[in-house]
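Heads up: the structure comes next, in structure tokens.
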Amino acid sequence: MALVLNTGANILKKHTGVISIGYIRTANYSDFNPYNLASLKRGTGGRSSFNGIVATVFGASGFVGRYVCNRLGKIGTQLILPYRGDFYPMQRLKLVGDLGQVLFQPYHLFDDESLDKAVRYSNVVINLVGREWETMNFKFDDVNVEGARKIAEAAKRAGVKRLIHVSALNAAEKPKPHLLSGGSKFLASKWKGERTVLEVFPSATIFRPSDVYGQEDRFLRYYVHTWRRQGHWMPLWENGEKTIKQPVFVSDLAAGIVNAIKEPDSAGKIYQAVGPKRYLLSELVDWFHRVMRKDKDWGYHRYDMKYDPIFKLKVTLTQKVCPSWPVGHLHWERLERECFTDHVEKGIPTLEDLCVNLTEMENQIPWELKPFIHGIYHGRDLEDFAIRPEPPKVAASV
Numbered sequence: 002m003a004l005v006l007n008t009g010a011n012i013l014k015k016h017t018g019v020i021s022i023g024y025i026r027t028a029n030y031s032d033f034n035p036y037n038l039a040s041l042k043r044g045t046g047g048r049s050s051f052n053g054i055v056a057t058v059f060g061a062s063g064f065v066g067r068y069v070c071n072r073l074g075k076i077g078t079q080l081i082l083p084y085r086g087d088f089y090p091m092q093r094l095k096l097v098g099d100l101g102q103v104l105f106q107p108y109h110l111f112d113d114e115s116l117d118k119a120v121r122y123s124n125v126v127i128n129l130v131g132r133e134w135e136t137m138n139f140k141f142d143d144v145n146v147e148g149a150r151k152i153a154e155a156a157k158r159a160g161v162k163r164l165i166h167v168s169a170l171n172a173a174e175k176p177k178p179h180l181l182s183g184g185s186k187f188l189a190s191k192w193k194g195e196r197t198v199l200e201v202f203p204s205a206t207i208f209r210p211s212d213v214y215g216q217e218d219r220f221l222r223y224y225v226h227t228w229r230r231q232g233h234w235m236p237l238w239e240n241g242e243k244t245i246k247q248p249v250f251v252s253d254l255a256a257g258i259v260n261a262i263k264e265p266d267s268a269g270k271i272y273q274a275v276g277p278k279r280y281l282l283s284e285l286v287d288w289f290h291r292v293m294r295k296d297k298d299w300g301y302h303r304y305d306m307k308y309d310p311i312f313k314l315k316v317t318l319t320q321k322v323c324p325s326w327p328v329g330h331l332h333w334e335r336l337e338r339e340c341f342t343d344h345v346e347k348g349i350p351t352l353e354d355l356c357v358n359l360t361e362m363e364n365q366i367p368w369e370l371k372p373f374i375h376g377i378y379h380g381r382d383l384e385d386f387a388i389r390p391e392p393p394k395v396a397a398s399v
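Numbered continuously in our numbering, the sequence shown closes out at residue 399.
Shown next as structure tokens:
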């Protein structure tokens, strides 16, 4: 019983009969339910299989999107990956699935026709699209609120079974201000985006991740970037002593999203995607520099940013000169969110409720920061790399 899956036309051929998912045509297959893609499952469960899930992943070319697509492709998911602008950043994702299992579809966030094409044959839609700083073309509400609404409406029109929407931890209607008088516009837009999605698609699953770290992230690479420091000195709000963070590893977040798709009871729920331990921000940043061999002997020093007007001027100029892509991701909105303590609400499930074994930072950070070790290619003895720097202390408050 040979089955050929042609993803380009979404046509399934079996012997001489033809079954089209788009405009249902069946021939001599009374036992086949064209509305149930799970009945098409074929294979042993790997990349060369088809597990019955056809998933459209918006924001697939982003940091988290690449991990989610890889995990979905690994279990035999057919992927439809919409992209905006140039195709070349997307083409690497061809490798996440077997030949013909990964489709690409150009789209625009405010073009209903392109959104409908992207979700027409899917039974799962994942929205990873987000905007961490405002540009001339897209403001926070444009992407995080109206864009989320457009995707949810397209999924509803197409009769999609599951919608996964990624929001942010600490999202609130009126976030507490620290450095910006009006508070974080990003967190406020994420809160409105959640409400909008649930209003349109009540059975949507919401993920609220804390700071996500991993390869090509915007957490570790934000703090290790030379533009974030003042020479060898690191400015932090309140010296980093009043902020507690609970970062999550990107693979754990991706695993939670995939597990939510396979768990029917996750529909309509909100999940907090946080790591297993809580740390003072000061401890984390100091530890990052110890791992990179940029400790006090190197000249590292941490201080309160309120005493440094030059750093504040640098942030403002960076934001004005490079509005579309700030150098080192340094801008006032990022600094404002940096001040927030990760608040994990009791009663709201976490990734552990989706059977995710969380990764401890102590086991992962040395690998992630290895390329940034000071003098890694010269002036180092082999014994130096066997020395594990002192890990960060876990924050007392939970």
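C-beta atoms are modelled at their ideal positions from N, C-alpha and C, and glycine is treated no differently.
### Task
Mind checking which residues open and close the alpha helix (DSSP H) that includes threonine 319?
310 to 322
### Query
Using the beta-carbon count (16 or more within 10 Å), is threonine 197 buried or exposed?
buried
### Message
Which same chain residues end up closer than 7 Å to glutamine 320 when comparing Cβ atoms and leaving out the 5 residues on each side of it in sequence?
### Response
Pro327, His332, Trp333
#### Entry: asparagine 11 versus glutamate 135 - alpha carbon distance
Note on asparagine 11: pLDDT 40, under 50, position unreliable in the model; the coordinate value appears next. C-alpha separation (whole angstroms): 37 Å.
### Message
Closest to alanine 156 by C-alpha separation, out of Val120, Ile311, Ala189, Arg132, would be which residue?
### Response
Val120
### C-beta contact flag for glycine 60 and valine 130 at 7 Å
yes
### Query
Exposed or buried, what is threonine 351 when buried is set at 16 or more other beta-carbons lying within 10 Å of its beta-carbon?
buried
### Query
Skipping 5 residues on each side, what residues in its chain have a beta carbon closer than 8 Å to that of lysine 175?
Gly184, Ala189
### Query
Do you know offhand how far proline 390's Cα is from valine 225's?
16 Å
### Message
Distance check for phenylalanine 139 and serine 325, CA to CA, integer angstroms please.
### Response
10 Å
### Residue burial classification, tyrosine 84 (beta-carbon count within 10 angstroms, cutoff 16)
buried
### Task
Taking the CB atoms as reference points, tell me whether glycine 276 and leucine 170 lie closer together than 7 Å.
no
### Message
Taking the alpha-carbon of glycine 53 as reference, which of Glu239, Leu41, Ser62 has the nearest alpha-carbon?
### Response
Leu41
### Message
So the candidates are His179, Glu242, Ala173; which of them puts its Cα closest to the Cα of valine 345?
### Response
Ala173
### Task
Report the three-state DSSP secondary structure of leucine 254 (helix, strand or coil).
helix
### Query
For aspartate 32, which residues from the same chain have a beta carbon less than 7 Å from its beta carbon, with the 5 sequence-adjacent residues on both sides left out?
Only weak support is given to the placement of aspartate 32: the predicted model assigns it a pLDDT of 41, under 50, and the value that follows is read from those uncertain coordinates. No residues qualify anywhere along the chain.
### Task
Using beta-carbon positions only, say whether valine 249 and alanine 274 come within less than 7 Å of one another.
yes
#### Entry: Nearest residue (CA-CA) to leucine 199, options Pro178, Ser168, Pro210
Ser168
### Query
Hey, is the region 309 to 323 in contact with the region 199 to 210, meaning 3+ C-beta pairs nearer than 8 Å?
no
### Message
For the alpha helix (DSSP H) containing histidine 290, name the first residue and the last one.
### Response
282 to 292
### For lysine 270, the three-state DSSP class (helix, strand or coil)
coil
### Query
Hey, histidine 290 and tyrosine 280: beta-carbon distance below 7 Å or not?
no
### Query
For lysine 246, does the three-state DSSP call read helix, strand or coil?
strand
### Task
Give me the Cα-Cα distance between arginine 222 and glycine 329, rounded to the nearest whole angstrom.
8 Å
### Query
Is histidine 102 buried or exposed, if buried means 16 or more other CB atoms sit within 10 Å of its CB?
First, the residue type needs correcting, since residue 102 is glutamine and not histidine in the sequence shown. Buried, because 16 or more other Cβ atoms sit within 10 Å of the Cβ of glutamine 102.
#### Entry: Exposure of cysteine 356, with buried meaning 16 or more beta-carbon neighbours within 10 Å
exposed
### Message
Here's a check: name, in chain order, each residue in its chain whose Cβ is nearer than 7 Å to the Cβ of glutamate 217, leaving out the five neighbours to either side.
### Response
Phe64
### Message
Buried or exposed for tyrosine 89, going by 16 or more other Cβ atoms inside 10 Å?
### Response
exposed
### Task
Sort out for me which residues DSSP pairs leucine 104 with in a bridge.
Ile81
### Message
Can you tell me whether leucine 164 is helix, strand or coil according to DSSP?
### Response
strand
### Task
With distances taken Cα to Cα, identify the nearest neighbour of histidine 233 among Tyr122, Ile165, Lys295.
Lys295
### Message
I need the DSSP call for leucine 73, collapsed to helix, strand or coil.
### Response
helix
### Query
Are the beta-carbon atoms belonging to glutamate 242 and lysine 394 less than 7 Å from one another?
no
### Task
Please report the Cβ distance between aspartate 99 and serine 49, rounded to the nearest whole angstrom; I am assuming they are in contact, meaning their Cβ atoms lie under 8 Å.
5 Å
### Message
Let me confirm a value: aspartate 305 is counted as buried when at least 16 other C-beta atoms fall within 10 Å, else exposed. Which label applies?
### Response
exposed
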